[in-house]
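Structure, as structure tokens:
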Amino acid sequence: MYAQNPNAEPAPARRLIESVFPLELVSRESTREKNLRHGHISTLHIWWSRKPLAASRATALAALLPDIPSKRNEWLKLIEALTPFEAVQDEKNPNLQKARALIREAFGGRAPRVLDPFAGGGSIPLEALRLGCETHALDYNPIAVLLNRCVLEYPQRFGASPTPTLPAGGEGETEASPRLRGDNRGATAPRLVLPPNSEGAPRLLEAEEAQSPLVQAVAAWGAWVLEWARAHLQAFYPPDPDGAIPVGYYWMRTIPCQNPICGAEIPLTANLWLAKKENKQVALRLVPDRAAKRVEFEIVGQNGEAIEFDPEQGTVVRAHARCPVCGETTDDKRVRALFQSGRAGERLVAVVLHYSDRAGKRYRLATAADRAVFERARGALGEWEARLRAEWGIEPVPDEEVPLRCHEVDRLPMYGMRRWGDVFNARQRLALLMFAEGVRQAYRLMMEQGADAEFAKAVATYLALIVSRLSDRNSVLCRLISQTEAIGFTFTRQALPMLWDYYEMNPLGNPSGWQSMLTDSVEIVAHLCAIPPAEVLPQAVHGTATDLPYPDNHFDAVLTDPPYYDNVNYAVLSDFFYVWLKRTISDLHPDLFATPLTPKSQEMVADAYRAGSREAAKQQFEAMLEQAFREMHRVLKPDGIAIIVFAHKTTEAWETVLNALLRAGLYPTAALPIHTEMQARLLAQGNAALASSIYLVCRKRVGARVGFWGDLKPQIVDAIERRLHQFWDAGVRGADLFISAIGPALAVFGQYARVERASGEAVGASVLLTLVREQVSRYALERILREREVVVELDALSQFYLLYRWSYGHAEVPFDEARKLAASVGLELTEVWGVGRLIAPAQGKSGESKRVKVLAPLERRWGMGDGVAPAQGRRRTNPEQLTMGLMGSGEEKLNEASQALWDALRARAQGSKIEALHLVAWLWESGQTARLLEWMESEGRHRDRLLWLLAQAVAEALPEGDAERRLMQGVLGFSRRWEV
-10 MYAQNPNAEP APARRLIESV FPLELVSRES TREKNLRHGH ISTLHIWWSR KPLAASRATA
50 LAALLPDIPS KRNEWLKLIE ALTPFEAVQD EKNPNLQKAR ALIREAFGGR APRVLDPFAG
110 GGSIPLEALR LGCETHALDY NPIAVLLNRC VLEYPQRFGA SPTPTLPAGG EGETEASPRL
170 RGDNRGATAP RLVLPPNSEG APRLLEAEEA QSPLVQAVAA WGAWVLEWAR AHLQAFYPPD
230 PDGAIPVGYY WMRTIPCQNP ICGAEIPLTA NLWLAKKENK QVALRLVPDR AAKRVEFEIV
290 GQNGEAIEFD PEQGTVVRAH ARCPVCGETT DDKRVRALFQ SGRAGERLVA VVLHYSDRAG
350 KRYRLATAAD RAVFERARGA LGEWEARLRA EWGIEPVPDE EVPLRCHEVD RLPMYGMRRW
410 GDVFNARQRL ALLMFAEGVR QAYRLMMEQG ADAEFAKAVA TYLALIVSRL SDRNSVLCRL
470 ISQTEAIGFT FTRQALPMLW DYYEMNPLGN PSGWQSMLTD SVEIVAHLCA IPPAEVLPQA
530 VHGTATDLPY PDNHFDAVLT DPPYYDNVNY AVLSDFFYVW LKRTISDLHP DLFATPLTPK
590 SQEMVADAYR AGSREAAKQQ FEAMLEQAFR EMHRVLKPDG IAIIVFAHKT TEAWETVLNA
650 LLRAGLYPTA ALPIHTEMQA RLLAQGNAAL ASSIYLVCRK RVGARVGFWG DLKPQIVDAI
710 ERRLHQFWDA GVRGADLFIS AIGPALAVFG QYARVERASG EAVGASVLLT LVREQVSRYA
770 LERILREREV VVELDALSQF YLLYRWSYGH AEVPFDEARK LAASVGLELT EVWGVGRLIA
830 PAQGKSGESK RVKVLAPLER RWGMGDGVAP AQGRRRTNPE QLTMGLMGSG EEKLNEASQA
890 LWDALRARAQ GSKIEALHLV AWLWESGQTA RLLEWMESEG RHRDRLLWLL AQAVAEALPE
950 GDAERRLMQG VLGFSRRWEV
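Printed below as a string of structure tokens:
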């Protein structure tokens, strides 16, 4: 099914995405893409919150194709055919060639000019380039700019013959225009320079694209760097006498026991597992030597022996450390103080081995010889630091400071890691220095052999990205994943945690080492080089979205994914990579590495530490976001189109974004909810998600007309209703249906620079969103309950409950979000909040706004004071408050207090169908059949058709396997005894 907007008046200027779009398929493919690797740009280098290529490609194509009714079905099928990742692995795919031709035809035989001012990891500009557009990518973060040079510029300049020329000028070029521009036709290929004796280097690709000079050079010089580094490092990763190769080393941090009588070295670990697979379980056993006041280890399970202890029991829980020798516990504050004062250490505990003649990994305890090798590496590090300090003109091991006040990384200085170099042990630092120096040596050798300087720079840049990726795979923040016996990289999430134990990788002989990363890089470079040459070289520009270096009315489309408040602190996180890239290729990219760390003064992020307070950070972010929208409006052509991706969960954020868009002169004509995460996973995590990224399709408002709310409101209602029919048929449900309705509402509202009431009072986005929410709530209830008349009969609390379950499941949401949903059905949330009620406060993180949870029947504390279910294992009822015998058959006579409570519960059920349904469900589940039958039949509730319709609707609103869904199905089965 397709989302459609029959309100649309087909016209040449209208784009396909404003009328129809294959939402379901694009969502499915975007979700599936998360598990793909080979040939994906994610293998070139990590970037946080990178948008799926599938969604980027599909939305770009639909935004650039005109809306011609007779062609809609044909072009929708074309988008569907090109959405899967596999569809574009062959750049000669006829569908891809057809898409490029159609886009050129739509723009009068030329390539449309497309800008992404928040280019980040490069997904959106890459797909614009793939579709044949003149592509411009801008970002404030130098690492993002570097990535986009590797994704866009270098493959186009050096990837295939003919090769782009250097800048040659062109339409719209001014002194303010970015540095690189050129005609990409009729140029000659670069002179390919390979390392000495490279004929024997392993061939990484056999396909036709491997003939690209850039691919060949990256493969050959990457292999050369590995051998150069191996010559300087192999002594520090020696094989075992039996030929086993150490692929990794398992370390534990240590602190001295604070018991003055003991003083043993405590090895810190949360658990003792080495391998925890279904068919393989290996663990370390602590062997405390009380006489020597030392802890030794044994490896258990490797040879099939039983593990007769609990490996889940480590030595540290929530930063509280227990001494295995004396049992003394050191609290978290003291543990941190020991790290900060330099009294913590580390201990090499085990070595992970690979045998060439057998599958799987083996483990052995570390020996004195292993530790001696490590100490020799420490000595070599000192020698290389002295040598490279003079050659590089910078401290070789990163000495730049980690910020103290930034929640993404503040755990590091909290545990004594004050400089970025502290995140690596001595051998890891040495390895990174050798690979960085190897890349520098490779560049020098290329230049000595007469390579083109820009070509050599491109090759060295790809190799530097591998050095950067190596830092992610070989720091003291990498863990051993016992469930897979694999390494957990530094950035498993958008923050850097403290690890008590860590896994050091051997970069020379490891499935995750340099060779593996080089193979990944060569594969993606080959894929990028296969993209046909664009007429105009793509540009990756270092700049800020609040001051774009382009002339007015310059772009046919602006496609972008801006930052979202404080979701990702890109600058601080990328400092981890910046410090190593600066030491590797700063001479080649002086424009990107001119500052000690990534620039932050103009970064668009709501950073409370930087701004001084949470509110100041919010205001600063919103002001910068609006200025960025104004700049997009300025550079967009009058008939241009913009797609702005937004993924914040709260309506407060939505109001902010929409008001900023409208003030900037942009207005949405469609809002497309594209899922990029599995729904079941989001619900399991308790996320009241928009489970989607919302792609806002926007137009540039021309003129300054004033509209009147009384005239516009009926038009908006009609537009919403028409849109909802189509989105419902396309399978859009829950909170996404509300989002989808914003587009048609703003398509009417946003055409006016100002909307007023008859009194002259301005009408803002909050009023519009309230209207949208009311219309969506009414429409959804009618569809869920299948009968319009039933909605009128249903009380407001029951309507709210059903909408909440349908929109958010069992997730917690901000109080204001729930309040607005309640208001859409005429319910005041605070009136149904509290003692034993459906709606309860939820415990959020410190500093978060108040959140609420709508409770299921078995989560409620019937008769209790706070309405929140007790922790698991505690009694659900309070005998002193709930002494009505409700855990028996229901035939017992109630005492006076219990009778009063029972009467109160029945009275509450009289006022609301959902309260009645909850009481029915609770009585039925607890086996109080007699009391349930007596109550229902005495009041005639067993014939209440609306009650059973509500139970059916609640069950259908929840996913398969949900506990409340099963409960409601059980209640419905119980109701059949009356054959209602």
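In my numbering, the protein residues as written are -10 to 969. Think of the CB as a built atom: it goes at the ideal place given N, C-alpha and C, for glycine as much as any other residue.
Which same chain residues end up closer than 6 Å to residue i when comparing Cβ atoms and leaving out the 5 residues on each side of it in sequence?
i      : result
ARG840 : GLU801, PRO803, ALA831 and GLY833
Taking the alpha carbon of residue i as the point to measure from, which residue in the options has its own alpha carbon closest?
i      : options                           : result
MET268 : GLY290, ALA361 and SER31          : Looking at the sequence itself, residue 268 is Asn, so the reference to Met does not match. Answer by Cα proximity: GLY290.
TRP569 : ASP388, GLY98 and ARG180          : ASP388
LEU370 : LEU774, LEU222, ARG458 and PHE610 : LEU222
ASP555 : ASP545, CYS251 and ALA597         : ALA597
ALA519 : GLN899, TRP937, GLU949 and PRO144 : PRO144
GLN899 : VAL514, TRP924, VAL412 and HIS396 : TRP924
VAL391 : ALA484, VAL634, THR473 and LEU419 : ALA484
GLY993 : GLY109, PRO114, ARG89 and ARG138  : Residue coverage of the chain in this structure runs from -10 to 969, which leaves residue 993 outside it and unanswerable.
GLU254 : LYS265, ARG307, LEU337 and PRO235 : LEU337
THR72  : ALA108, ARG21 and ASP105          : ARG21
LEU261 : TYR491, LEU215 and GLU116         : TYR491
GLY237 : ALA375, SER755, PHE225 and ASN248 : PHE225
LEU449 : ALA358, LYS809, TRP213 and CYS315 : At residue 449 the sequence reads Ala, which differs from the Leu that was named. For the residues ALA358, LYS809, TRP213 and CYS315, the minimum Cα distance to ALA449 belongs to TRP213.
LEU14  : THR665, PRO202, ASP321 and ALA206 : THR665
LYS87  : ASP79, ASP105, LEU67 and GLY97    : LEU67
ALA595 : ALA612, TYR567 and VAL756         : ALA612
MET506 : LEU454, THR473 and GLN888         : LEU454
In whole angstroms, give me the CA-to-CA distance for residue i and residue j.
i      : j      : result
ARG4   : ALA49  : 11 Å
MET487 : MET406 : 10 Å
VAL340 : ALA272 : 13 Å
LEU577 : SER330 : 39 Å
TRP891 : ASP933 : 21 Å
GLY902 : LEU894 : Note that residue 902 is Lys in the sequence shown here, rather than Gly. The alpha-carbon atoms of LYS902 and LEU894 are separated by roughly 13 Å.
LEU141 : ARG26  : 19 Å
MET853 : LEU961 : Residue confidence for MET853 is low, a pLDDT of 48 falling below 50, so the modelled location carries little weight; the figure read from the coordinates is stated next. Looking at the two C-alpha atoms, the distance is approximately 27 Å.
LYS23  : LYS282 : 49 Å
SER590 : TYR129 : 10 Å
TRP217 : GLY427 : 6 Å
GLU904 : LEU827 : 8 Å
TYR559 : TYR432 : 29 Å
HIS125 : LEU625 : 13 Å
PRO496 : ASP299 : 33 Å
GLU493 : TRP822 : 52 Å
ARG965 : TRP937 : 10 Å
ARG408 : GLN609 : 29 Å
ILE113 : ARG39  : 9 Å
PHE789 : LEU647 : 25 Å
GLY111 : LEU136 : 7 Å
In its own chain, which residues sit with a C-beta less than 7 Å from the C-beta of residue i, not counting the 5 before and 5 after it?
i      : result
ARG743 : VAL695 and ALA751
LEU91  : LEU54
LEU908 : LEU894 and ALA898
ARG623 : ASP541
PHE480 : ILE35 and ASP461
VAL761 : ILE709, PHE727, ALA730, ILE731 and ALA734
Go through its chain and collect everything with a Cβ distance to residue i's Cβ below 8 Å, but skip five positions before and after it.
i      : result
LYS571 : ILE383 and PHE582
ALA415 : PHE363, ALA366, ARG367 and LEU370
VAL276 : VAL284, GLU285, PHE286 and GLU287
Complete runs of the beta strand (DSSP E) confined to the segment 503 to 571 [at least 3 residues]: 528 to 531 and 544 to 549
Every unbroken beta strand (DSSP E) inside the segment 590 to 649 [3 residues or more]: 625 to 635
Length at least 4, wholly inside the segment 363 to 440: the alpha helix (DSSP H) runs in chain order: 400 to 403 and 415 to 437
Any 3 or more C-beta pairs closer than 8 Å across the segment 534 to 546 and the segment 95 to 105: yes
Alpha helix (DSSP H) runs contained entirely in the segment 760 to 815, provided each spans 4 or more residues: 777 to 782, 785 to 797 and 804 to 812
Completely contained alpha helix (DSSP H) runs for the segment 439 to 467, where each covers 4 or more residues: 442 to 462
Three CB pairs or more closer than 8 Å across the segment 342 to 358 and the segment 391 to 411: no
Secondary structure, alpha helix (DSSP H): runs of 4+ residues fully inside the segment 278 to 330: 321 to 329
At least three beta-carbon pairs within less than 8 Å, the segment 437 to 454 to the segment 603 to 610: no
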